[in-house]
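Read the structure below first, then the notes.
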Amino acid sequence: MASLTDTFDLGRLQLSSGQARQIELQVALDRFEFGGQTYSPEGARVPVLLDAARTSHGYSLRLRYDVVLSGPCMRCLEDARARIAVDAREVDQPGGGDELRSPYLDADELEVRAWAHDALSLALPAQIVCREDCLGLCATCGANLNEASADHVHEQAPDPRFAKLSELRFE
Ligand SMILES: [Zn+2]
Ligand SMILES: [Zn+2]
2 MASLTDTFDL
12 GRLQLSSGQA
22 RQIELQVALD
32 RFEFGGQTYS
42 PEGARVPVLL
52 DAARTSHGYS
62 LRLRYDVVLS
72 GPCMRCLEDA
82 RARIAVDARE
92 VDQPGGGDEL
102 RSPYLDADEL
112 EVRAWAHDAL
122 SLALPAQIVC
132 REDCLGLCAT
142 CGANLNEASA
152 DHVHEQAPDP
162 RFAKLSELRF
172 E
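Here the sequence shown stands for residues 2 to 172, numbered as in the working numbering.
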């Protein structure tokens with residue numbers, strides 16, 4: 002089993018220009034704030050696949066992994082799980098200008114964990130839901146509409162003046 006990695010030294014691959022290697026690593030992913038909720042990756046360590054290719058002056062990198070996030074459904078707050086496929090690329094070409102530098106690469110030292118975390122935030126769906134057709138919560142009473150009957154509706158809120166009148170009547 003690959004060891005847990007925060008950073009990976011690409012230099013130790015000793016790639017020459019045009020050569021590529023695929024490396025399996027294990028990364029610990031942190032919990033995640035998303036849409037005001039907290040989501041946890043399932044499993045303490047996530048296997049990630051790193052493709053590293055040496056270019057004439059730098060590296061071309063690809064990071065891939067699948068992860069399941071669990072946390073509250075953004076509509077009904079019940080438990081939800083989302084499987085997310087992450088596929089991210091970075092190019093690092095020293096001397097090629099800022100846009101060709103990877104923020105995750107310092108010399109040959111690749112910040113695998115930071116990259117994996119940021120790439121996940123870019124791969125998130127618009128919403129994490131318990132199921133695609135989750136009905137969410139009733140805006141009036143907060144009932145879970147997945148469990149409520151299909152005819153869950155509310156009368157218009159009574160006019161407070163009539164409410165006062167009816168109180169008088171029942172005194
Ligand atoms: Zn839901
Ligand atoms: Zn309701």
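The beta carbon of each residue, even a glycine, is placed where N, CA and C say it ideally should be.
The structure displayed is predicted, hence computed values, not measured ones.
When DSSP states are grouped into helix, strand and coil, residue 154 belongs to the coil group. Counting along the chain, the unbroken alpha helix (DSSP H) around residue 114 starts and ends at 113-124. By the neighbour-count definition (other C-beta atoms within 10 Å, threshold 16), residue 39 is an exposed residue.
Taken in chain order, the stretch 55-119 contains no complete alpha helix (DSSP H) segment of 4 residues or longer.
DSSP places residue 38 inside the beta strand (DSSP E), whose first and last residues are 38-42. Below 8 angstroms, enough C-beta pairs join the stretch 10-20 and the stretch 52-70 to call them touching: three or more. When DSSP states are grouped into helix, strand and coil, residue 11 belongs to the helix group.
Near ligand 1, meaning a beta-carbon closer than 7 angstroms to one of its heavy atoms, we find 74, 76, 77, 79, 81, 130, 131, 132, 135, 137 and 147. Counting every other CB atom within 10 Å of its CB across the protein chains shown gives residue 42 a total of 16 or more, marking it as buried. When DSSP states are grouped into helix, strand and coil, residue 51 belongs to the strand group. Rounded to the nearest whole angstrom, the C-alpha separation of residue 84 and residue 74 is 13 angstroms. For residue 28, the secondary structure class from DSSP, reduced to helix, strand or coil, is strand. In the DSSP annotation of this structure, residue 133 is not part of any beta strand (DSSP E), being labelled neither H nor E.
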